[in-house]
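> Residue numbers (the UniProt record's numbering): 1 to 448. Glycine residues also receive a C-beta, built at the ideal position from the N, C-alpha and C atoms. Source: prediction; values computed, not measured.
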Amino acid sequence: MGRFSGWKSYSNHPFYLLLYLEWILLAIAVLATFAPSPDAIHFSPPPRPQGLEIPPPHPPMPPSRPGNPSRFIPGILASIGSLGLMGLRLPQVHHPWIYQVLYTTLGFGLSCLAIAFGGRGATFFSALLLVVVIRGCLMFPWRGRVMVALVAYVSFLGMLMGTILKRVGFFQYLSRKVEQPADLMQFLSPRSQGFILHLTVNSALLFGWVLVLVLLLVGALLSEKKSRQDLKEAHRELRQYALLVENQAALQERNRIAREIHDSVGHYLTAQSIQLENSAVFLAEDPPKAQGYLKEAQRLGKEALKDVRHSVSALRTDPLKGKTFEAALMELLQEVKQTTGIRIECKFKVKSALSQKCSTALYRVVQEALTNVARHSEATRVQVYLMEASGMVCLRLQDNGQGFERNLNSTGFGLRGMQDRIQAIGGRFEIKSASGKGCQVEADIPIN
Numbered sequence: 001m002g003r004f005s006g007w008k009s010y011s012n013h014p015f016y017l018l019l020y021l022e023w024i025l026l027a028i029a030v031l032a033t034f035a036p037s038p039d040a041i042h043f044s045p046p047p048r049p050q051g052l053e054i055p056p057p058h059p060p061m062p063p064s065r066p067g068n069p070s071r072f073i074p075g076i077l078a079s080i081g082s083l084g085l086m087g088l089r090l091p092q093v094h095h096p097w098i099y100q101v102l103y104t105t106l107g108f109g110l111s112c113l114a115i116a117f118g119g120r121g122a123t124f125f126s127a128l129l130l131v132v133v134i135r136g137c138l139m140f141p142w143r144g145r146v147m148v149a150l151v152a153y154v155s156f157l158g159m160l161m162g163t164i165l166k167r168v169g170f171f172q173y174l175s176r177k178v179e180q181p182a183d184l185m186q187f188l189s190p191r192s193q194g195f196i197l198h199l200t201v202n203s204a205l206l207f208g209w210v211l212v213l214v215l216l217l218v219g220a221l222l223s224e225k226k227s228r229q230d231l232k233e234a235h236r237e238l239r240q241y242a243l244l245v246e247n248q249a250a251l252q253e254r255n256r257i258a259r260e261i262h263d264s265v266g267h268y269l270t271a272q273s274i275q276l277e278n279s280a281v282f283l284a285e286d287p288p289k290a291q292g293y294l295k296e297a298q299r300l301g302k303e304a305l306k307d308v309r310h311s312v313s314a315l316r317t318d319p320l321k322g323k324t325f326e327a328a329l330m331e332l333l334q335e336v337k338q339t340t341g342i343r344i345e346c347k348f349k350v351k352s353a354l355s356q357k358c359s360t361a362l363y364r365v366v367q368e369a370l371t372n373v374a375r376h377s378e379a380t381r382v383q384v385y386l387m388e389a390s391g392m393v394c395l396r397l398q399d400n401g402q403g404f405e406r407n408l409n410s411t412g413f414g415l416r417g418m419q420d421r422i423q424a425i426g427g428r429f430e431i432k433s434a435s436g437k438g439c440q441v442e443a444d445i446p447i448n
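(1) Tell whether a beta-carbon distance below 8 angstroms holds between glycine 403 and glutamate 378.
(2) Among Ile425, Leu113 and Ile28, whose alpha-carbon lies nearest the alpha-carbon of phenylalanine 124?
(3) Among the candidates Ala389, Ile447 and Thr371, whose CA atom is the shortest distance from the CA of valine 441?
(4) Can you tell me the Cα-Cα spacing of alanine 314 and glycine 438, whole angstroms?
(5) Count the CB pairs spanning the stretch 341 to 350 and the stretch 223 to 239 that are closer than 8 angstroms, and state whether there are at least three.
(6) Using 10 angstroms around the beta-carbon of glycine 107, count the other beta-carbons present and answer buried if the total reaches 16, otherwise exposed.
(7) Is the stretch 123 to 141 touching the stretch 149 to 161 in the sense that three or more CB pairs, one from each, lie closer than 8 angstroms?
(8) Which whole-angstrom value is the C-beta distance of residue 456 and leucine 138, which I expect to be below 8 angstroms?
(9) Between Leu354, Gln334, Ser352 and Gln338, which lies nearest to cysteine 346 when the distance is taken from Cα to Cα?
(10) Do you know whose CA, among Gln338, Ala304 and Glu326, lies nearest cysteine 358's CA?
(11) Provide the residue(s) that pair with threonine 378 in DSSP beta bridges, ordered along the chain.
(12) Taking DSSP as the reference, what is the three-state secondary structure of serine 435?
(13) Return the CA-CA distance between valine 146 and leucine 243, expressed in angstroms with no decimal places.
(14) Less than 8 angstroms separating the beta-carbons of serine 111 and valine 133?
(15) Is the beta carbon of valine 350 closer than 8 angstroms to that of methionine 387?
(16) Just the Cα atoms here: how many angstroms apart are proline 45 and valine 30?
(17) Quick one: residues in its chain with C-beta nearer than 8 angstroms to the C-beta of glutamine 291, no 5 flanking neighbours on either side, listed in chain order?
(18) Going along the chain, which residues of its own chain have a beta-carbon closer than 6 angstroms to the beta-carbon of alanine 374, five neighbours each way excluded?
(19) Could you tell me how far apart the beta carbons of threonine 104 and valine 148 are, in whole angstroms, since I believe they sit closer than 8 angstroms?
(20) Let me know if proline 91 comes out buried or exposed under the rule of 16 or more other beta-carbons within 10 Å of its beta-carbon.
(21) When burial is assigned at 16 or more other CB atoms within 10 Å of the CB, is methionine 161 buried or exposed?
(22) Can you have a look at phenylalanine 429 and say buried or exposed, based on whether 16 or more other CB atoms are within 10 angstroms of its CB?
(23) Starting from the C-beta of serine 70, find all residues in its chain whose C-beta is less than 7 angstroms away, skip the five residues before and the five after it, and write them out in chain order.
(24) Where does the unbroken alpha helix (DSSP H) through isoleucine 28 begin, and where does it stop?
(25) With distances taken between CB atoms, is the gap from tryptophan 23 to glycine 84 smaller than 8 angstroms?
(26) If you count every other CB in all the chains shown that lies within 10 Å of the CB of glutamate 233, and 16 or more means buried, which is it?
(27) Beta-carbon within less than 8 angstroms of serine 435's beta-carbon, same chain only, minus the 5 sequence neighbours each way: which residues are those?
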């Protein structure tokens, strides 16, 4: 078993089934080499009775060719063996095309050399040609395969015609040597010539059909192999895409959790910071009022901690807490107004029922925008508009703060988080701002 796998490791043949078929054809050629030649069979016509001229019922068989030369069997076997060893190493696709041409030419040369050493022509020359054609089909595209098959077919026809002409010449030679040439010339009658022509045409057609079958068989095997390779490559790419999608989904989930924590906790911490600042201002002048600010800051801290725990444990925060979007939004605006002192104007003109994703996204965008206003803008008035138009929910939030240069402040997680939220549900998000001109947040989301 080890030796058997050893030659397999040396061979680069793509189809071992075809390699075994080549060996079978070569074995047939070797057996035909040792088969007796028809020319070597000696035949003497039966003696005729003295004084009687009885025509024989059939034309007498010709005697053997004078001086029948012996075949050079070592040369034949060496040619066939060399052709067989060539099949273990085929030129690769990445090699220059001249390698494939030289390889095929050498195969045809060894086949003709075996015939030159006294091979049996039609007996095994066709088998050697089939071996060369099979290898040509493995190395060349369709055009090259057809060319190799045509060369093999022309070679077979040439050998076939050469054999027939040699036989006819041999009969003519015998007709001049035997005592009754008229009997021998019956082999060259039109009927005999028609029979020989019939055999020749049948042999040519049969070999042609065999070549066509070989081309189709090898072509089908190569197509099936390419299909399996393409399927394997597609399977590998699908696995890579699946891993990529899995990683992308995990990344999106992490970003979603980060946005939830940033939006909810950031809002509460901002409001808490404002309450602590107010308590510090009124601590000396009005301790009861400062104490009220401290209690509010404590409540906001508890709410922030509650949201953090909910986000981390459930990986999901419902900012609406079971309320309608309008009620939750009004509660948020009232809370910001109380904690920051900013005057907020709101116009809500949405009659259609919004989905959970749409409501959550709009709520978080308003929450983050108001948090940014309280932190950075130093605004005193905020206008919030929600309206429905052409199947879209349109949000416009504008303040009268100091604004900022959009191209200089585009990397904040809050701004990026708002944009990601809206785009994730197929909406449009835009921020318009300039130094000293306030800021306007625009978001358009499909209702369905």
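Put simply:
(1) The residue given as residue 403 occupies position 403 in the sequence shown. The residue given as residue 378 occupies position 378 in the sequence shown. No, these two residues do not count as a Cβ contact at 8 angstroms.
(2) Here residue 124 refers to the residue found at position 124 of the sequence shown. For phenylalanine 124, the nearest C-alpha among the options comes from Ile28.
(3) Against the sequence shown, residue 441 aligns to sequence position 441. That would be Thr371, whose Cα lies nearest to the Cα of valine 441.
(4) The count along the sequence shown starts at 1 and reaches residue 314 at position 314. The count along the sequence shown starts at 1 and reaches residue 438 at position 438. Low local confidence applies: a pLDDT of 44 at alanine 314 is under 50, so the model's placement there is unreliable, with the coordinate-based value given in what follows. Rounded to the nearest angstrom, the two C-alpha atoms are 37 angstroms apart.
(5) no
(6) Counting from one through the sequence shown, the residue named residue 107 turns up at place 107. Answer is buried; the Cβ neighbour count reaches 16.
(7) yes
(8) A query on residue 456 cannot be resolved here, the shown segment of the chain reaching from 1 to 448 and no further.
(9) Stepping through the sequence shown from its first residue, residue 346 is reached at position 346. Taking only the C-alpha atoms, the option nearest cysteine 346 is Gln334.
(10) For the purposes of this step, residue 358 is taken as residue 358 along the sequence shown, with counting starting at 1. Here the closest residue by C-alpha is Glu326.
(11) In the sequence shown, residue 378 corresponds to position 378, counting from 1. The question names threonine, but residue 378 is glutamate in the sequence shown. DSSP, once it has assigned bridges, lists no residue as partnering glutamate 378.
(12) For the purposes of this step, residue 435 is taken as residue 435 along the sequence shown, with counting starting at 1. Here serine 435 sits in coil by DSSP.
(13) Locating residue 146 in the sequence shown gives position 146, where the first residue counts as 1. Locating residue 243 in the sequence shown gives position 243, where the first residue counts as 1. In a straight line, the C-alpha of valine 146 is about 45 angstroms away from that of leucine 243.
(14) Within the sequence shown, residue 111 is the residue found at index 111, counting from 1. Within the sequence shown, residue 133 is the residue found at index 133, counting from 1. No; because the gap between Cβ atoms is not below 8 angstroms, this pair is not in contact.
(15) Reading the sequence shown from its first residue, position 387 is the one you call residue 387. Reading the sequence shown from its first residue, position 350 is the one you call residue 350. Yes.
(16) Here residue 45 is taken as the residue at index 45 of the sequence shown, counted from 1. Here residue 30 is taken as the residue at index 30 of the sequence shown, counted from 1. Confidence is the limiting factor: at proline 45 the pLDDT is only 49, short of 50, which leaves the residue's position unreliable, though a coordinate-based value still follows. Approximately 33 angstroms between the Cα atoms of the pair.
(17) Residue numbering aside, residue 291 sits at position 291 when the sequence shown is read from its first letter. Ser279, listed in sequence order.
(18) Along the sequence shown, one-based indexing puts residue 374 at 374. Excluding positions up to five away in sequence, the list reads Thr270 and Thr340.
(19) On the sequence shown, residue 104 is found 104 positions in, with the first residue counted as 1. On the sequence shown, residue 148 is found 148 positions in, with the first residue counted as 1. Confirmed, about 6 angstroms.
(20) Here residue 91 refers to the residue found at position 91 of the sequence shown. With 16 or more other Cβ atoms within 10 Å, it is buried.
(21) Working through the sequence shown from its first residue, we reach residue 161 at position 161. That one is exposed.
(22) Residue 429 sits at position 429 when you count from the first residue of the sequence shown. Per the 10 Å Cβ criterion, buried.
(23) In the sequence shown, the residue the question calls residue 70 occupies position 70. Only weak support exists for where serine 70 lies, its pLDDT of 47 falling under 50; the value from the coordinates is given anyway. The answer is none, since no qualifying residue turns up.
(24) Translated into positions along the sequence shown, residue 28 becomes position 28. It spans 16 to 34 - the alpha helix (DSSP H) in which isoleucine 28 sits, taken as one unbroken run.
(25) Working through the sequence shown from its first residue, we reach residue 23 at position 23. Working through the sequence shown from its first residue, we reach residue 84 at position 84. Cβ atoms of tryptophan 23 and glycine 84: closer than 8 angstroms.
(26) Position 233 of the sequence shown, counted from the start, is the residue given in the question as residue 233. With fewer than 16 other Cβ atoms within 10 Å, it is exposed.
(27) Here the question's residue 435 lines up with position 435 in the sequence shown. Once the five neighbours on either side are set aside, the close Cβ partners of serine 435 are Gln402, Gly403, Phe404 and Glu405.
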